[in-house]
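See structure below.
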Amino acid sequence: MNAEEMTTHIHDAEVLAAIRSVETRSSGEVRVFITNRSIAEPLKEARAVFTRLRMDQTARRNAALVFLAPRSRQFALVGDEGLHQYCGEAFWNSCAEDLAAGFHAGDYTGALIRVIERIGAVLARHFPPQENDHQELPDDVVRE
């Protein structure tokens, strides 16, 4: 994964459309965070970002973060406890493998969208939209 190539070839509008689509079918929250910093421990950093973005504050603890660090050629996936209880470690590992394969093939936006959709399927199954749902977190691709 080439950092510059990845950073410029992720189309925020398409990723945002996928996030919004997922969130209309569930009460869950999905965010993407892309850092330009070099990261030694992506999962540790992703968990810190998860907390900093207040993703651990959702009412049903059903948020997911896709954390990308192109400069370090690393990424991490974090699901809050409400979501994780339904999908487990094998799901996240499978998503990570799919993401890595897509990135290796140069399909940065497509790979990201496919993983968002997989997360969305779990969210829709276990966290369908509620009558009083409200947007708990911003829909955006955060770039730092």
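Using the working numbering, the letters of the sequence shown correspond one by one to residues 9 to 152. All residues carry an ideal CB built from backbone N, CA and C; glycine is no exception.
In this model, H92 and V23 are separated by some 22 Å (Cα to Cα).
By the 16-neighbour rule on beta-carbons within 10 angstroms, R45 is exposed. Considered as a whole, the segment 33-77 harbours 50-60 as its complete alpha helix (DSSP H) runs of no fewer than 4 residues, in chain order. Distance between F41 and Q138, taken at the CA atoms: about 26 Å. Between L76 and V86, the CB-CB gap reaches or exceeds 7 Å. Rounded to the nearest whole angstrom, the C-alpha separation of R69 and I127 is 14 Å.
In terms of CA proximity to E49, F83 leads the group Q65, F83, L61.
Shown here, Q138 sits in coil according to DSSP, grouped into three states, outside any helix or strand.
Looking at the backbone, the Cα of V38 and that of G90 are separated by about 13 Å. Taking 7 Å as the cut-off, the beta carbon of S34 is found closer than this to the beta carbon of L131. A119 is a Cβ neighbour of L107, given a cutoff of 7 Å. For F135 and E125, the gap between their C-alpha atoms comes out near 14 Å.
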